[in-house]
Every structure is written in structure tokens, then in C-alpha cells.
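In the numbering used here, the protein residues as written are 8 to 144. Read through the structure below, which is laid out as C-alpha cells, and then see the notes.
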């Protein structure tokens with residue numbers, strides 16, 4: 008199997024919407040990843056055969072970036088719950104917050120927009136590296 012076929016197969020088989028449905032149905036992240044890995048083992052092996060040590064460093068950096076994004080999401084989620092607790096506490100004391108401007112923030116839209124771009128850029132970089140490696144070989 009060629010690297011571009013493996014990358015296309017992996018990209019087409021990973022759907023954020025399907026993963027969200029699995030999460031809503033009670034599947035944990037470990038089982039989702041293990042199922043994907045077992046179903047796409049051949050493509051993952053093909054991809055891993057083309058990854059050299061420099062690219063593994065890049066993958067580690069991408070993984071760290073994903074961890075940072077996860078922490079940011081968690082902090083945003085906790086901030087909004089802490090903020091609502093603060094509002095309830097202030098209401099109990101008889102103080103009112105004057106709304107100056109309503110800010111609408113849709114986290115799901117934010118994550119769909121940036122996560123898809125991140126995955127696309129990552130796959131694009133990996134395929135570009137693999138193609139350049141083939142060209143120099």
C-alpha cells in the first residue's frame with residue numbers, strides 16, 4: 008500500500024461526528040482509539056514505516072499541542088462554571104451585575120473549525136514529508 012493511499016484511507020475513516028456519537032453513547036476514549044487502530048492497522052503500519060526520527064519529533068510536538076488545546080478547553084469549561092457560581096454568589100448577596108454586552112461563544116464551532124484545520128495541516132505535512140522523501144530516494 009502506498010503512503011498516499013494510507014493517508015487518504017486514515018483521513019476518510021476518522022470522523023469527528025462519529026466519534027462524538029460514540030462518546031455520547033458511552034464509549035470511552037481508549038476503546039475508540041483501540042477500535043480505530045485495530046480496524047486500520049495496515050494503514051497505520053504503512054504510515055509508521057515512512058516516519059523517520061525527525062518526523063517523530065514533529066509528531067511529539069503535535070501531540071503536545073493537542074494536550075495544550077485539551078487543557079485550554081478544560082480551563083474554559085471550568086472558567087464558565089466558576090463564573091456562574093460567582094454570579095449566583097453575588098445574587099445571594101443582593102448585588103447585581105450590569106450586563107454591558109452579551110458575548111456569544113460557541114465552543115463546538117470553535118473546536119470543529121480549528122481541530123479540523125489542525126488535523127488537515129498535520130496530515131498535509133506528513134504527506135509532504137513522505138513525498139519529498141520519495142523524491143530524494
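All C-beta atoms in this analysis are idealised placements derived from N, C-alpha and C, irrespective of residue type, glycine included.
Is the beta carbon of residue i sitting closer than 8 Å to the one on residue j?
| i | j | result |
| --- | --- | --- |
| residue 17 | residue 54 | yes |
| residue 43 | residue 137 | no |
Taking residue i and residue j to be in contact with their CB atoms under 8 Å, please state how far apart those CB atoms are, rounded to whole angstroms.
| i | j | result |
| --- | --- | --- |
| residue 133 | residue 76 | The pair is not a contact, with the Cβ atoms about 19 Å apart (cut-off 8 Å). |
| residue 20 | residue 47 | 6 Å |
| residue 26 | residue 39 | 6 Å |
From what residue to what residue does the alpha helix (DSSP H) around residue i run?
| i | result |
| --- | --- |
| residue 38 | 36-46 |
| residue 22 | From DSSP, residue 22 is part of no alpha helix (DSSP H); its letter is neither H nor E. |
What does a CB cutoff of less than 7 Å around residue i pick up in its chain, not counting 5 residues either side in sequence?
| i | result |
| --- | --- |
| residue 130 | 14 and 18 |
| residue 68 | none |
| residue 9 | none |
What do you reckon, is the C-beta of residue i under 7 Å from a heavy atom of the ligand MN?
| i | result |
| --- | --- |
| residue 36 | Ligands displayed in this structure: none; no statement on the ligand MN is therefore possible. |
Let me confirm a value: residue i is counted as buried when at least 16 other C-beta atoms fall within 10 Å, else exposed. Which label applies?
| i | result |
| --- | --- |
| residue 30 | exposed |
| residue 71 | exposed |
| residue 12 | exposed |
| residue 50 | buried |
Spatial neighbours of residue i within its chain, please: CB distance less than 6 Å, with the 5 preceding and 5 following residues excluded, ordered by chain position.
| i | result |
| --- | --- |
| residue 23 | none |
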